[in-house]
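Quick notes on the structure that follows.
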Amino acid sequence: MNNNQPNNQEDQEIDLSQIFQKIGKLFDWINTFLFKCIQFFVKNAIVILILLVIGVGLGFYLDVTKKTYDHQIIVTPNFESTDYLYSKIDLIESKIKERDTVFLKEIVGIKKPKEIIEIAIKPITDVYKFIENKKENFELIKLMAEGGDIKKILEDNLTSKNYTLHTITFKTKNQTNNTGTVQPILNYLNETDYYKKIQKETVNNVRMKMIQNDTIISQINGVLNGFSNMVNGAQKSDKLVYYNENTQLNDVIKTKETLINEQGIHRVGLVGLDKIIKDNSSTLNIENTNSVNGKLKLVLPILFLLSFILIHLFLGYYKNQMKKSKMI
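Each residue of the sequence shown is one higher than the last, beginning at -17 in the numbering used here.
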(Lines of atoms letter the chains of each structure in order from A and count residues from 1; the text may use other names and numbers.)
(Lines give C-alpha, C1' and ligand atoms only; values in the text may rest on other atoms or scores of the structure.)
Protein backbone atom coordinates (compact mmCIF):
# COMPACT_ATOMS: atom_id res chain seq x y z
CA MET A 1 0.00 0.00 0.00
CA ASN A 2 2.79 2.42 0.86
CA ASN A 3 4.41 1.85 -2.54
CA ASN A 4 1.16 2.68 -4.37
CA GLN A 5 0.71 6.09 -2.69
CA PRO A 6 3.87 7.70 -4.21
CA ASN A 7 2.86 6.38 -7.64
CA ASN A 8 -0.61 7.96 -7.32
CA GLN A 9 0.92 11.28 -6.31
CA GLU A 10 3.29 11.15 -9.30
CA ASP A 11 0.37 10.38 -11.66
CA GLN A 12 -1.61 13.33 -10.26
CA GLU A 13 1.39 15.63 -10.69
CA ILE A 14 1.80 14.46 -14.31
CA ASP A 15 -1.91 15.05 -15.02
CA LEU A 16 -1.78 18.56 -13.53
CA SER A 17 1.34 19.42 -15.49
CA GLN A 18 -0.32 18.25 -18.72
CA ILE A 19 -3.40 20.36 -17.97
CA PHE A 20 -1.25 23.44 -17.33
CA GLN A 21 0.65 22.77 -20.56
CA LYS A 22 -2.62 22.59 -22.53
CA ILE A 23 -3.88 25.80 -20.90
CA GLY A 24 -0.58 27.45 -21.77
CA LYS A 25 -0.86 26.30 -25.39
CA LEU A 26 -4.44 27.64 -25.51
CA PHE A 27 -3.29 31.06 -24.35
CA ASP A 28 -0.47 30.95 -26.88
CA TRP A 29 -2.97 30.14 -29.64
CA ILE A 30 -5.27 32.97 -28.57
CA ASN A 31 -2.33 35.35 -28.43
CA THR A 32 -1.17 34.27 -31.90
CA PHE A 33 -4.70 34.55 -33.28
CA LEU A 34 -5.15 38.07 -31.92
CA PHE A 35 -1.79 39.10 -33.33
CA LYS A 36 -2.67 37.72 -36.77
CA CYS A 37 -6.02 39.57 -36.67
CA ILE A 38 -4.30 42.83 -35.79
CA GLN A 39 -1.67 42.19 -38.43
CA PHE A 40 -4.39 41.49 -41.01
CA PHE A 41 -6.26 44.74 -40.27
CA VAL A 42 -3.04 46.80 -40.21
CA LYS A 43 -1.80 45.26 -43.45
CA ASN A 44 -5.13 45.80 -45.22
CA ALA A 45 -6.12 49.03 -43.45
CA ILE A 46 -6.50 51.04 -46.67
CA VAL A 47 -8.64 48.39 -48.39
CA ILE A 48 -10.82 47.95 -45.28
CA LEU A 49 -11.25 51.71 -44.92
CA ILE A 50 -12.29 52.02 -48.57
CA LEU A 51 -14.80 49.16 -48.19
CA LEU A 52 -16.30 50.76 -45.06
CA VAL A 53 -16.62 54.16 -46.74
CA ILE A 54 -18.23 52.60 -49.83
CA GLY A 55 -20.57 50.53 -47.66
CA VAL A 56 -21.68 53.51 -45.57
CA GLY A 57 -22.11 55.74 -48.63
CA LEU A 58 -24.02 53.13 -50.62
CA GLY A 59 -26.11 52.29 -47.55
CA PHE A 60 -27.11 55.93 -47.05
CA TYR A 61 -28.02 56.22 -50.73
CA LEU A 62 -30.17 53.06 -50.70
CA ASP A 63 -31.83 54.02 -47.41
CA VAL A 64 -32.91 57.30 -48.97
CA THR A 65 -33.89 56.05 -52.44
CA LYS A 66 -35.26 52.58 -51.62
CA LYS A 67 -37.68 53.44 -48.82
CA THR A 68 -40.99 51.62 -48.51
CA TYR A 69 -44.08 52.85 -46.71
CA ASP A 70 -46.85 51.05 -44.84
CA HIS A 71 -50.46 52.20 -44.82
CA GLN A 72 -53.50 51.09 -42.80
CA ILE A 73 -57.25 51.44 -43.27
CA ILE A 74 -59.59 50.31 -40.48
CA VAL A 75 -62.93 49.24 -41.93
CA THR A 76 -66.24 47.73 -40.86
CA PRO A 77 -67.93 45.34 -43.32
CA ASN A 78 -71.69 45.86 -43.08
CA PHE A 79 -74.56 43.58 -44.13
CA GLU A 80 -72.54 40.37 -43.54
CA SER A 81 -70.10 41.30 -46.29
CA THR A 82 -66.95 40.08 -44.52
CA ASP A 83 -66.30 37.18 -46.90
CA TYR A 84 -66.89 39.49 -49.85
CA LEU A 85 -64.36 41.98 -48.43
CA TYR A 86 -61.68 39.32 -47.92
CA SER A 87 -62.17 37.89 -51.41
CA LYS A 88 -61.79 41.35 -52.98
CA ILE A 89 -58.58 42.05 -51.07
CA ASP A 90 -57.22 38.64 -52.11
CA LEU A 91 -58.06 39.49 -55.73
CA ILE A 92 -56.19 42.80 -55.55
CA GLU A 93 -53.19 41.05 -53.97
CA SER A 94 -53.13 38.45 -56.76
CA LYS A 95 -53.19 41.22 -59.39
CA ILE A 96 -50.30 42.98 -57.62
CA LYS A 97 -48.24 39.77 -57.73
CA GLU A 98 -49.08 39.34 -61.42
CA ARG A 99 -48.14 43.02 -61.98
CA ASP A 100 -51.48 43.52 -63.71
CA THR A 101 -51.25 47.31 -63.74
CA VAL A 102 -54.17 47.61 -66.17
CA PHE A 103 -56.55 45.99 -63.67
CA LEU A 104 -55.15 47.99 -60.75
CA LYS A 105 -55.47 51.28 -62.61
CA GLU A 106 -58.60 50.82 -64.72
CA ILE A 107 -60.73 48.60 -62.46
CA VAL A 108 -59.53 49.43 -58.94
CA GLY A 109 -58.59 53.02 -59.79
CA ILE A 110 -55.13 53.21 -58.19
CA LYS A 111 -53.36 56.14 -59.82
CA LYS A 112 -49.81 54.72 -59.59
CA PRO A 113 -50.24 50.92 -59.68
CA LYS A 114 -46.54 50.21 -60.19
CA GLU A 115 -45.73 51.63 -56.76
CA ILE A 116 -47.99 49.33 -54.74
CA ILE A 117 -46.07 46.29 -53.47
CA GLU A 118 -48.61 44.26 -51.51
CA ILE A 119 -51.98 44.41 -49.77
CA ALA A 120 -53.50 42.29 -47.00
CA ILE A 121 -56.33 42.25 -44.48
CA LYS A 122 -56.66 40.92 -40.95
CA PRO A 123 -59.30 41.24 -38.22
CA ILE A 124 -58.89 43.35 -35.10
CA THR A 125 -59.40 40.86 -32.29
CA ASP A 126 -62.05 42.31 -29.98
CA VAL A 127 -63.79 39.49 -28.17
CA TYR A 128 -65.69 41.89 -25.89
CA LYS A 129 -67.32 43.59 -28.85
CA PHE A 130 -67.95 40.18 -30.39
CA ILE A 131 -70.03 38.97 -27.42
CA GLU A 132 -71.52 42.35 -26.49
CA ASN A 133 -75.33 42.09 -26.45
CA LYS A 134 -74.99 38.79 -28.36
CA LYS A 135 -75.67 35.87 -26.07
CA GLU A 136 -75.35 33.33 -28.90
CA ASN A 137 -71.78 34.52 -29.63
CA PHE A 138 -70.85 34.20 -25.97
CA GLU A 139 -72.25 30.68 -25.84
CA LEU A 140 -70.37 29.80 -29.04
CA ILE A 141 -67.03 31.02 -27.64
CA LYS A 142 -67.71 29.22 -24.39
CA LEU A 143 -68.54 25.96 -26.18
CA MET A 144 -65.50 26.12 -28.47
CA ALA A 145 -63.18 26.99 -25.58
CA GLU A 146 -64.07 23.76 -23.77
CA GLY A 147 -62.32 21.69 -26.40
CA GLY A 148 -59.19 23.72 -27.13
CA ASP A 149 -56.97 26.74 -26.61
CA ILE A 150 -59.10 29.89 -26.25
CA LYS A 151 -56.40 32.08 -27.85
CA LYS A 152 -56.24 29.89 -30.96
CA ILE A 153 -60.02 29.87 -31.18
CA LEU A 154 -60.23 33.67 -30.99
CA GLU A 155 -57.60 34.01 -33.71
CA ASP A 156 -59.06 31.23 -35.86
CA ASN A 157 -60.07 32.32 -39.34
CA LEU A 158 -63.69 31.22 -38.85
CA THR A 159 -64.06 33.18 -35.61
CA SER A 160 -61.99 36.23 -36.47
CA LYS A 161 -63.98 37.05 -39.61
CA ASN A 162 -66.98 37.76 -37.39
CA TYR A 163 -65.24 40.62 -35.59
CA THR A 164 -66.56 44.11 -36.25
CA LEU A 165 -63.32 45.86 -37.24
CA HIS A 166 -60.72 44.78 -39.79
CA THR A 167 -57.44 46.34 -40.87
CA ILE A 168 -56.49 46.64 -44.54
CA THR A 169 -52.72 47.10 -44.84
CA PHE A 170 -50.80 47.87 -48.00
CA LYS A 171 -47.23 48.80 -48.86
CA THR A 172 -45.91 51.24 -51.48
CA LYS A 173 -42.50 52.23 -52.82
CA ASN A 174 -43.15 55.93 -52.23
CA GLN A 175 -45.44 58.07 -50.15
CA THR A 176 -49.08 58.16 -51.19
CA ASN A 177 -52.24 60.07 -50.32
CA ASN A 178 -55.94 59.51 -49.81
CA THR A 179 -56.97 60.25 -53.40
CA GLY A 180 -54.16 58.19 -54.92
CA THR A 181 -54.80 54.85 -53.23
CA VAL A 182 -57.16 54.84 -50.24
CA GLN A 183 -60.26 56.27 -51.88
CA PRO A 184 -59.92 54.21 -55.09
CA ILE A 185 -59.60 51.00 -53.05
CA LEU A 186 -62.65 51.89 -50.93
CA ASN A 187 -64.67 52.83 -54.01
CA TYR A 188 -63.78 49.50 -55.61
CA LEU A 189 -64.80 47.57 -52.49
CA ASN A 190 -68.15 49.37 -52.30
CA GLU A 191 -69.00 48.80 -55.97
CA THR A 192 -71.36 45.80 -55.67
CA ASP A 193 -74.99 45.71 -56.84
CA TYR A 194 -75.99 42.85 -54.55
CA TYR A 195 -74.90 44.48 -51.31
CA LYS A 196 -76.24 47.87 -52.46
CA LYS A 197 -79.72 46.32 -52.61
CA ILE A 198 -79.27 44.83 -49.14
CA GLN A 199 -78.01 48.20 -47.90
CA LYS A 200 -81.07 49.98 -49.29
CA GLU A 201 -83.53 47.55 -47.70
CA THR A 202 -81.68 47.49 -44.37
CA VAL A 203 -81.61 51.29 -44.11
CA ASN A 204 -85.31 51.45 -45.04
CA ASN A 205 -86.15 48.89 -42.36
CA VAL A 206 -84.24 50.85 -39.72
CA ARG A 207 -85.96 54.10 -40.68
CA MET A 208 -89.40 52.46 -40.65
CA LYS A 209 -88.62 51.01 -37.22
CA MET A 210 -87.62 54.49 -36.02
CA ILE A 211 -90.88 55.96 -37.33
CA GLN A 212 -92.86 53.26 -35.53
CA ASN A 213 -90.90 53.86 -32.33
CA ASP A 214 -91.56 57.59 -32.56
CA THR A 215 -95.28 56.85 -32.97
CA ILE A 216 -95.31 54.56 -29.93
CA ILE A 217 -93.36 57.11 -27.87
CA SER A 218 -95.90 59.79 -28.82
CA GLN A 219 -98.73 57.48 -27.76
CA ILE A 220 -97.00 56.77 -24.45
CA ASN A 221 -96.50 60.49 -23.91
CA GLY A 222 -100.26 60.93 -24.48
CA VAL A 223 -101.04 58.27 -21.87
CA LEU A 224 -98.62 59.82 -19.37
CA ASN A 225 -99.99 63.30 -19.98
CA GLY A 226 -103.53 62.02 -19.46
CA PHE A 227 -102.48 60.34 -16.23
CA SER A 228 -100.75 63.51 -15.06
CA ASN A 229 -103.86 65.58 -15.73
CA MET A 230 -105.97 63.03 -13.92
CA VAL A 231 -103.73 63.14 -10.86
CA ASN A 232 -103.69 66.93 -10.80
CA GLY A 233 -107.47 67.01 -10.96
CA ALA A 234 -108.00 64.35 -8.33
CA GLN A 235 -109.43 65.47 -5.01
CA LYS A 236 -108.78 62.37 -2.96
CA SER A 237 -105.29 61.28 -1.85
CA ASP A 238 -106.17 57.57 -1.85
CA LYS A 239 -106.59 57.69 -5.66
CA LEU A 240 -103.07 59.11 -5.94
CA VAL A 241 -101.71 56.24 -3.86
CA TYR A 242 -103.58 53.78 -6.08
CA TYR A 243 -101.98 55.06 -9.29
CA ASN A 244 -98.50 55.14 -7.77
CA GLU A 245 -98.82 51.46 -7.00
CA ASN A 246 -100.12 50.57 -10.44
CA THR A 247 -97.50 48.27 -12.06
CA GLN A 248 -98.88 48.85 -15.57
CA LEU A 249 -97.81 52.48 -15.36
CA ASN A 250 -94.26 51.42 -14.46
CA ASP A 251 -94.22 49.08 -17.45
CA VAL A 252 -95.29 51.92 -19.74
CA ILE A 253 -92.48 54.16 -18.44
CA LYS A 254 -89.91 51.36 -18.89
CA THR A 255 -91.17 50.73 -22.42
CA LYS A 256 -90.70 54.40 -23.27
CA GLU A 257 -87.16 54.36 -21.85
CA THR A 258 -86.32 51.23 -23.87
CA LEU A 259 -87.66 52.80 -27.07
CA ILE A 260 -85.70 56.02 -26.52
CA ASN A 261 -82.49 54.01 -26.05
CA GLU A 262 -83.33 51.98 -29.15
CA GLN A 263 -83.82 55.18 -31.16
CA GLY A 264 -80.38 56.39 -30.09
CA ILE A 265 -78.82 53.10 -31.19
CA HIS A 266 -80.58 53.32 -34.56
CA ARG A 267 -79.38 56.90 -35.15
CA VAL A 268 -75.77 55.94 -34.42
CA GLY A 269 -76.14 52.78 -36.51
CA LEU A 270 -77.34 54.71 -39.55
CA VAL A 271 -74.09 56.70 -39.52
CA GLY A 272 -72.16 53.48 -40.19
CA LEU A 273 -74.61 52.11 -42.77
CA ASP A 274 -73.92 54.74 -45.43
CA LYS A 275 -71.33 52.40 -46.99
CA ILE A 276 -71.09 48.65 -47.52
CA ILE A 277 -67.44 48.68 -46.45
CA LYS A 278 -67.32 51.55 -43.97
CA ASP A 279 -63.92 53.19 -43.49
CA ASN A 280 -63.43 54.28 -39.88
CA SER A 281 -59.89 55.68 -40.07
CA SER A 282 -56.73 55.55 -42.16
CA THR A 283 -53.03 56.02 -41.39
CA LEU A 284 -50.68 56.67 -44.30
CA ASN A 285 -46.95 56.85 -45.02
CA ILE A 286 -45.47 54.92 -42.09
CA GLU A 287 -41.83 54.32 -43.05
CA ASN A 288 -41.10 50.59 -43.05
CA THR A 289 -38.10 49.78 -40.82
CA ASN A 290 -38.54 46.00 -40.68
CA SER A 291 -35.63 43.71 -41.59
CA VAL A 292 -32.80 45.82 -43.13
CA ASN A 293 -35.05 48.65 -44.32
CA GLY A 294 -33.47 51.93 -43.24
CA LYS A 295 -30.44 50.10 -41.79
CA LEU A 296 -28.36 49.51 -44.93
CA LYS A 297 -25.84 52.17 -43.90
CA LEU A 298 -24.91 49.81 -41.05
CA VAL A 299 -25.51 46.47 -42.75
CA LEU A 300 -23.53 47.05 -45.98
CA PRO A 301 -20.19 48.06 -44.34
CA ILE A 302 -20.32 44.95 -42.14
CA LEU A 303 -21.30 42.79 -45.11
CA PHE A 304 -18.44 44.15 -47.25
CA LEU A 305 -15.94 43.62 -44.41
CA LEU A 306 -17.07 40.03 -43.77
CA SER A 307 -16.95 39.28 -47.50
CA PHE A 308 -13.39 40.61 -47.71
CA ILE A 309 -12.30 38.50 -44.71
CA LEU A 310 -13.92 35.35 -46.14
CA ILE A 311 -12.28 35.90 -49.53
CA HIS A 312 -8.90 36.39 -47.83
CA LEU A 313 -9.35 33.18 -45.79
CA PHE A 314 -10.39 31.25 -48.89
CA LEU A 315 -7.35 32.43 -50.85
CA GLY A 316 -5.04 31.58 -47.93
CA TYR A 317 -6.55 28.10 -47.66
CA TYR A 318 -6.25 27.61 -51.43
CA LYS A 319 -2.55 28.61 -51.46
CA ASN A 320 -1.73 26.26 -48.58
CA GLN A 321 -3.43 23.36 -50.30
CA MET A 322 -1.58 24.12 -53.54
CA LYS A 323 1.76 24.03 -51.70
CA LYS A 324 0.89 20.69 -50.11
CA SER A 325 -0.15 19.22 -53.46
CA LYS A 326 3.19 20.25 -55.03
CA MET A 327 5.16 18.62 -52.21
CA ILE A 328 3.42 15.26 -52.70
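All C-beta atoms in this analysis are idealised placements derived from N, C-alpha and C, irrespective of residue type, glycine included.
Since we're looking at a predicted model, the values are computed, not measured.
Within the same chain, no residue comes within 7 angstroms of ALA27 by CB-CB distance, once the 5 residues on both sides are set aside.
Here ASN159 carries a coil assignment [DSSP, helix/strand/coil]. Rounded to the nearest whole angstrom, the CA to CA distance from GLU75 to GLU97 is 13 angstroms.
According to the DSSP secondary-structure assignment, PRO105 is paired through a beta bridge with HIS148. DSSP links SER263 through a beta bridge to ILE56. Residue burial annotation: ILE293 is exposed, with fewer than 16 other C-beta atoms found within 10 angstroms of its C-beta.
Taking 8 angstroms as the cut-off, the Cβ atoms of VAL57 and ILE291 do not count as close.
Close CB contacts of LEU285 within its chain, under the 8 angstroms cut and outside five residues either way in sequence, are with GLY37 (chain order). Comparing alpha carbon positions, the residue from GLN3, ASP52, LEU33 closest to THR265 is ASP52. Between ASN172 and LYS77 the beta-carbon gap is near 18 angstroms, outside 8 angstroms, which marks them as no contact. Taking C-beta separations shorter than 8 angstroms and ignoring five residues to either side along the sequence, the partners of GLY254 in its chain run THR58, ASN60, LYS260, following chain order. Beta-bridge annotation (DSSP): LYS153 is paired with ASP52, GLU100. Rounded to whole angstroms, the gap between the alpha carbons of GLU183 and HIS248 is 15 angstroms.
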